[in-house]
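Chemist: Count along the sequence shown from 1, then add 24; that gives the number in my numbering. Handing you this structure, nothing more for now.
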Amino acid sequence: MSVKHFGYIAFVSSPELLCSPAHLPVPSSQDFQIKQRAMANLLSSAPIHASLPDCFVFPPDQRPPASSQAVSLPVIDLSRGRDEVRRAVLDAGKELGFFQVVNHGVSAEAIRDMEAVCAEFFRLPAEEKAAFYSEDTDKPNRLFSSTTYELGDEKYWRDCLRLACGSPVGDTKNNWPDKPKKLREVVEKFVEPTRGVGMELLRLLCEGMGLRPDYFEGDLTGGDVIINVNHYPPCPAPGLTLGLPPHCDRNLITLLLQSTVPGLQVSYKGDWINVESVPNAFVVNFGHLLEIATNGVLKSIEHRAMTNAALARTSVATFIMPAADIPIGPAEELVGEGNPPRYRTVTFDEFMRVYKTVGARRESVEKAFKL
Ligand code: OGA
Ligand code: NI
25 MSVKHFGYIA FVSSPELLCS PAHLPVPSSQ DFQIKQRAMA NLLSSAPIHA SLPDCFVFPP
85 DQRPPASSQA VSLPVIDLSR GRDEVRRAVL DAGKELGFFQ VVNHGVSAEA IRDMEAVCAE
145 FFRLPAEEKA AFYSEDTDKP NRLFSSTTYE LGDEKYWRDC LRLACGSPVG DTKNNWPDKP
205 KKLREVVEKF VEPTRGVGME LLRLLCEGMG LRPDYFEGDL TGGDVIINVN HYPPCPAPGL
265 TLGLPPHCDR NLITLLLQST VPGLQVSYKG DWINVESVPN AFVVNFGHLL EIATNGVLKS
325 IEHRAMTNAA LARTSVATFI MPAADIPIGP AEELVGEGNP PRYRTVTFDE FMRVYKTVGA
385 RRESVEKAFK L
């Protein structure tokens, strides 16, 4: 066991601490306790991890496979003609539910700065990160470890910085960490154009499906844009654990900077395919809510993140979300004779209550909302 001193808190890296239950109630006045828990739980705050604590070990049938199929996601160049792009996006969306986009209009500089500042955040001294740590899943801006899909006992090998961003960002950036110094400015410059790409993809998909192009404008995409910065430190036993378990996203559309260190895998015909790293590309996929809104024309596909032994990996997921109290159901235009609604209409709040109870697996969420 190694002991490091950060000011007044002795930080002890031990499997027992990492495996202690993550959601013990912590009275808000007990700042000291929460800081200690931050020190114990944040993977990125530990010195080197020599071995994998038991709570991170998955049952054998859920561990990463030794190999996976060599299938690549389509890479769509958004600077091509609109007809071609519309067709490509809809085809890839229907067929795989996952694709990559390049020449999307978010500058290489905005992406580079975002990736750099996010990686830098996780390299901050443990005590500075502890100041932003919270185990309150209702808190829009927070740093936490493992995952919110936690239903069982296993933990996942990742830390996550979650940021809620208004559109435009405006004052919402004051709720983000103020370290590293450039974080707020860099995230603002990244998230606004990235949301723009997501909205443009939704317009293209609408056109392709026969919905009015502005169908998703307004309340349906009126919630905060959520950014999850996922950080997966080098893992002592990548074959026994996962950085993120199989899940579908809960929102409408996700744009992911997957990092030059690969790790994302997508469900494909009962297997998992690796997503190759393409410079400056966004990996795009659809959340449950887009599947509901399109009556299943577009599907939310399960994906997961592997860890690796040598390198830390930091990915940035941008989620476009509806306003909280907005009902979401199959679009009328996509329902008709011989094509009944396949999902019930839910408010986003209700959806989230269920999602948090049943977990993020495709099957359980489908069961809860399918008619
Ligand atoms: C997510 C996600 C994958 C990755 O944040 O929802 O699926 O590669 N991330 O980090
Ligand atoms: Ni995801």
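Even glycine gets a Cβ: it sits at the ideal position worked out from N, Cα and C. It should be emphasised that the depicted structure is a prediction, and the values quoted were computed from it without experimental measurement.
Can you list, in chain order, the stretches of the alpha helix (DSSP H) that have 4 or more residues and sit fully within the region 198-269?
Modeler: As far as the region 198-269 is concerned, its whole alpha helix (DSSP H) runs of at least 4 residues are 207-233.
Chemist: Can you tell me where the alpha helix (DSSP H) with Cys142 in it begins and where it stops?
Modeler: Residues 132-146.
Chemist: Report buried or exposed for Ser37, applying the criterion of at least 16 other Cβ atoms within 10 angstroms of its Cβ.
Modeler: Unreliable placement is indicated for Ser37, whose pLDDT of 45 sits below 50; the coordinate value is still reported in the next sentence. Counting Cβ neighbours within 10 Å, Ser37 comes out buried, since at least 16 surround it.
Chemist: Quick one, are the C-beta atoms of Tyr22 and Val95 less than 7 Å apart?
Modeler: Limits of the chain in this structure are 25 at one end and 395 at the other, which puts residue 22 out of reach.
Chemist: Please determine whether the Cβ atom of Glu329 lies at a distance below 6 Å from any heavy atom of the ligand OGA.
Modeler: First, the residue type needs correcting, since residue 329 is Ala and not Glu in the sequence shown. The answer is yes for Ala329.
Chemist: Could you tell me if the beta carbon of Asp248 falls within a distance shorter than 6 Å of some heavy atom in the ligand OGA?
Modeler: Asp248: no, Cβ never under 6 Å from the ligand OGA.
Chemist: So the candidates are Asp248, Asp202, Gly247, Leu225; which of them puts its Cα closest to the Cα of Phe238?
Modeler: One detail in the question is off: residue 238 reads as Asp in this sequence, not Phe. Among Asp248, Asp202, Gly247, Leu225, the Cα nearest to that of Asp238 belongs to Leu225.
Chemist: Ordered along the chain, which non-local residues of its own chain (more than five positions away) have a Cβ less than 6 Å from that of Lys323?
Modeler: Here the set comprises Gly121, Glu315.
Chemist: With distance defined between alpha-carbon atoms, name the residue in Asn165, Lys205, Leu288, Pro365 nearest to Arg186.
Modeler: For the residues Asn165, Lys205, Leu288, Pro365, the minimum Cα distance to Arg186 belongs to Asn165.
Chemist: Go ahead and label Ala34 buried or exposed: buried means 16 or more other beta carbons lie within 10 angstroms of its beta carbon, across all protein chains shown.
Modeler: Legend: pLDDT at Ala34 = 33, less than 50; position of this residue unreliable, value from coordinates given subsequently. Ala34 should be labelled exposed.
Chemist: Shortest alpha-carbon distance to Phe145 belongs to which of Glu361, Cys184, Ala132, Phe123?
Modeler: Comparing Cα-Cα distances from Phe145 to each of Glu361, Cys184, Ala132, Phe123, the minimum goes to Cys184.
Chemist: Can you tell which of Gly360, Leu167, Leu207 has its C-alpha closest to the C-alpha of Met138?
Modeler: It is Leu207 whose Cα lies nearest to the Cα of Met138.
Chemist: Just the C-alpha distance for Phe310 and Ala140, rounded to the nearest angstrom, thanks.
Modeler: Rounded to the nearest angstrom, the two C-alpha atoms are 26 Å apart.
Chemist: According to DSSP, is Thr331 helix, strand or coil?
Modeler: Reduced to three states, the DSSP call for Thr331 is coil.
Chemist: Cutting at 6 Å between CB atoms, please list the residues of its own chain near Tyr32, excluding the five before and the five after it.
Modeler: Legend: pLDDT at Tyr32 = 30, less than 50; position of this residue unreliable, value from coordinates given subsequently. Around Tyr32: no qualifying Cβ.
Chemist: Smallest Cα separation from Gly246: which of Pro364, Val370, Phe343, Glu387?
Modeler: Closest by alpha carbon: Phe343.
Chemist: Return the first residue and the last residue of the alpha helix (DSSP H) that Gln93 is part of.
Modeler: It is not in any alpha helix (DSSP H) - Gln93 carries neither H nor E in the DSSP assignment.
Chemist: I need the boundaries of the alpha helix (DSSP H) containing Asp107, first residue and last residue.
Modeler: Where Asp107 is concerned, the enclosing alpha helix (DSSP H) stretches over 106-119.
Chemist: Use the C-beta contact count for Gln93: other C-beta atoms within 10 angstroms, 16 or more gives buried, fewer gives exposed.
Modeler: Gln93 is exposed by the Cβ-count criterion.
Chemist: Arg236: buried (16+ other C-beta within 10 angstroms of its C-beta) or exposed?
Modeler: So Arg236 ends up on the exposed side.
Chemist: In angstroms, rounded to a whole number, what distance separates the CA positions of Val302 and Phe56?
Modeler: Rounded to whole angstroms, Val302 to Phe56 spans 43 Å at the Cα level.
Chemist: Sorted by chain position, which residues of the same chain lie with C-beta nearer than 6 Å to Asn254's C-beta, five sequence neighbours on each side aside?
Modeler: If we look at Asn254 and ignore the five residues flanking it on each side, its Cβ neighbours are Arg182, Cys184, Ser339.
Chemist: Mind listing, in chain order, the continuous beta strand (DSSP E) runs of no fewer than 3 residues lying wholly within the region 289-342?
Modeler: Complete beta strand (DSSP E) runs here, min 3: 295-298, 306-310, 327-329.
Chemist: By how many angstroms is the C-alpha of Thr161 removed from the C-alpha of Val370?
Modeler: The straight-line gap from Cα to Cα measures roughly 21 Å.
Chemist: Under the assumption that Val210 contacts Ile251 (Cβ atoms under 8 Å), give the Cβ distance between them as a whole number of angstroms.
Modeler: No, Val210 and Ile251 are not in contact; Cβ-Cβ is about 11 Å, not under 8 Å.
Chemist: So Pro365 packs on Asp243, CB below 8 Å; how close in whole Å?
Modeler: Contact flag wrong, Cβ pair sits at about 20 Å.
Chemist: Grouping DSSP H, G and I as helix and E and B as strand, with all else coil, what is Val370?
Modeler: Strand.
Chemist: Counting only the same chain and skipping the five closest in sequence on each side, list residues whose C-beta sits under 6 Å from that of His312.
Modeler: Counting only Cβ-Cβ distances below 6 Å, and skipping sequence neighbours, we find Cys272, Arg274, Ser324, Val389.
Chemist: Nearer than 6 Å: is that true of the beta carbon of Asp162 relative to any heavy atom of the ligand NI?
Modeler: No, the ligand NI has no heavy atom inside 6 Å of this Cβ.
Chemist: Who are the Cβ neighbours of Arg385 in its own chain at under 6 Å, not counting the five residues just before and after it?
Modeler: Excluding positions up to five away in sequence, the list is empty.
Chemist: Nearer than 6 Å: is that true of the beta carbon of Asp273 relative to any heavy atom of the ligand NI?
Modeler: Correct: Asp273 has its Cβ closer than 6 Å to the ligand NI.
Chemist: Throw me the rounded Cβ distance for the Pro351 and Tyr367 pair, which I believe falls under 8 Å.
Modeler: That belief does not hold up - the Cβ atoms of Pro351 and Tyr367 are roughly 12 Å apart, past 8 Å.
Chemist: Verify the contact flag: Ser68, CB atom, against every heavy atom of the ligand OGA, threshold strictly below 6 Å.
Modeler: For the ligand OGA, not one heavy atom lies less than 6 Å from the Cβ of Ser68.
Chemist: Relative to the C-alpha of Pro257, which residue among Leu66, Ala62, Ile58, Gln60 is closest?
Modeler: Nearest option by C-alpha distance: Leu66.
Chemist: Would you mind working out which of Gly232, Ala132, Ala261 sits nearest Pro77, comparing C-alpha positions?
Modeler: Residue Ala261 is the option with its Cα nearest to Pro77.
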